[in-house]
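Chains R and D, in that order, are what the protein sequence lines are. In case it helps, the working numbering puts the first sequence at residues 1 to 209. In case it helps, the working numbering puts the second sequence at residues 1001 to 1232. Data first, discussion second: the structure below is written as structure tokens.
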Amino acid sequence: MSNYQIASPELAACEVHGMTRASFILRGTLAAGAVYGMGSVTPFVSQAFAATGGGDAEILNFALTLEYLEADFYTVKGKQLGLSGQAKAYAAQFGAEENEHVTALTAAIKHLGGTPVKKPRFVFPATGESSFLALASVLENTGVGAYNGAAPSLQSKQVLASAGSIVQIEARHAAAIDLLLGKSPTPNQGFDRPLNKAQVLAKAGALIK
Amino acid sequence: MPSPPIDEAAPQPVGIVERLVRDDVDRKRFLKMAGGAGAASFGAFVLAACGSSKKTASTAAAPVATSSTSSTSSNATGDLAILNYALTLEYLETEFYAKVVASGLFSGKVGSLIKDFGRQEATHVEALKGAVMKLGGTPVAKPAGKFPISSASQVAKLAYTVENLGAAAYLGQAANIQNAEVLAAALAIHTVEARHAATLGTLVKKSVTPEGAFAAPADMPTVLAAVKPFLA
């Protein structure tokens, strides 16, 4: 599969940055959800489409920064803290998977003609297993929102497909960590809220030096 | 973007997806019409980028529907077909959880998670019905399901299978969805199915990421064949 092409003229034609007729669809969708107590998803539309004005490579570079952050957190910080039991097992497994995301995103950005961002330096405030897991929960849930927020702005369907297969893993990590913490594995109930770039940085930006 | 034409095509029988599940000939015709490909190339990009030779990368993308078929607004093509397909799956999941809750096999923390998941699937049903109607389509009728419910461990295993299939089904359609808002809604549901699947994975002592770092999509024929045993 070396033939890389943009196979989505339909998607490119969508006005994802403006409020189009289509906005009503999602609003109606969420209104239906609200009947079941899903009112919390109201800001969905603006969040989903205000993510970024850049191209696919820029979106992927933002994702790459987050993946570097997660990978470093699990593999470096996790080791420093001397985790045990399930926390240790998850840190090893999830760290390896985040590293695979880093590799894949780096390759994808190059494929798109972009320049992958360099790995930033991170500072994690975790001091023990419980604060490590609490921060892991924030990072994974933020990752889910970041991908879900940015994905509709992607122009290439192949890039979208890749982002989808990664975000599903972030969601699985988030649920596993939250269960370990005794929290709900579905903090957003039936619909995961997308986050825009500013919201993601508000949650994770302080960790990047 | 022009407003969608009123659904003036030949009236779609209610429950078309259900019929497609039951009828192989219908299903093949439908998939040909809807250009149910795209899913096949799903993940190929990442896999190609990784230099991996996983089997999902070997299926080339089949031709997408011609403009003559995709321009008609009917339940059988495009986003409406995908939404009704998802709706059928959500109906089945909702009924499954309702039966599991009624069985009384689970109590305590697990019982409460099962109830949460059932409620969330019900909100997906409502959301998808709303989306179908907003697009000018007719929501499929609720199919009658049948689920083997014998023991807690058997049900947990089945739930794990069902949720993994659901997550893979959404993933398999993401690149086929044309309307960006429908896509945003599908993504918001997709990751919740993934959370359910991971949770059930911990219950049945299976990996929360059975496919490793990259989730595998499932295309429509695969999913429809897999849910066939659950239709009464």
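Just so you know, even glycine gets a beta-carbon here, dropped at the ideal spot from N, CA and C. Note that the structure is predicted; figures quoted are calculated from it, not measured.
Of the other Cβ atoms in all chains shown, fewer than 16 fall within 10 Å of the Cβ of Gly-82(R); this residue is therefore exposed.
In the structure shown, Phe-124(R) falls within a coil segment according to DSSP collapsed to helix, strand and coil. In this structure, Lys-203(R) is the residue among Gly-113(R), Glu-58(R), Lys-203(R) with its C-alpha nearest to the C-alpha of Leu-139(R).
Distances from the alpha-carbon of Ile-59(R) to those of Phe-122(R), Thr-106(R), Ala-87(R) put Thr-106(R) closest. Cα atoms of Ser-1112(D) and Gln-155(R): separation of roughly 40 Å, rounded to the nearest angstrom. In the three-state reduction of the DSSP assignment, Ile-1082(D) falls in the helix class, which pools H, G and I.
Note on geometry: alpha-carbon atoms of Val-167(R) and Thr-1138(D) lie some 30 Å from one another.
DSSP, read as helix, strand or coil, puts Gly-82(R) in coil. In the DSSP assignment, Val-1162(D) falls within the alpha helix (DSSP H) that extends over 1152 to 1174. For Asp-72(R), not one C-beta of chain D is nearer than 8 Å to its own C-beta. In the DSSP secondary-structure assignment, Gly-1145(D) is bridged to Leu-1231(D).
In the DSSP annotation of this structure, the continuous segment of the alpha helix (DSSP H) that includes Ala-171(R) starts and ends at 157 to 180. Apart from sequence neighbours up to five positions away, the residues of its chain that approach Gly-1118(D) with a beta-carbon distance below 7 Å are Thr-1094, Tyr-1097, Ala-1098, Val-1101, ordered along the chain.
In the DSSP assignment, Gly-1212(D) falls outside any alpha helix (DSSP H) and carries neither an H nor an E. For Asn-196(R), the closest Cβ of chain D is not nearer than 8 Å. Listed along chain D is no residue with a C-beta nearer than 7 Å to that of Asn-61(R); the closest approach is about 15 Å. In the three-state scheme derived from DSSP, where H, G and I count as helix and E and B as strand, Ile-1177(D) is classed as coil. Within the region 152 to 167 of chain R, contact with chain D at the beta-carbon level (separation under 9 Å) is assigned to Pro-152, Ser-153, Ser-156, Lys-157, Gln-158, Val-159, Leu-160, Ala-161, Ser-162, Ala-163, Gly-164, Ser-165, Ile-166, Val-167.
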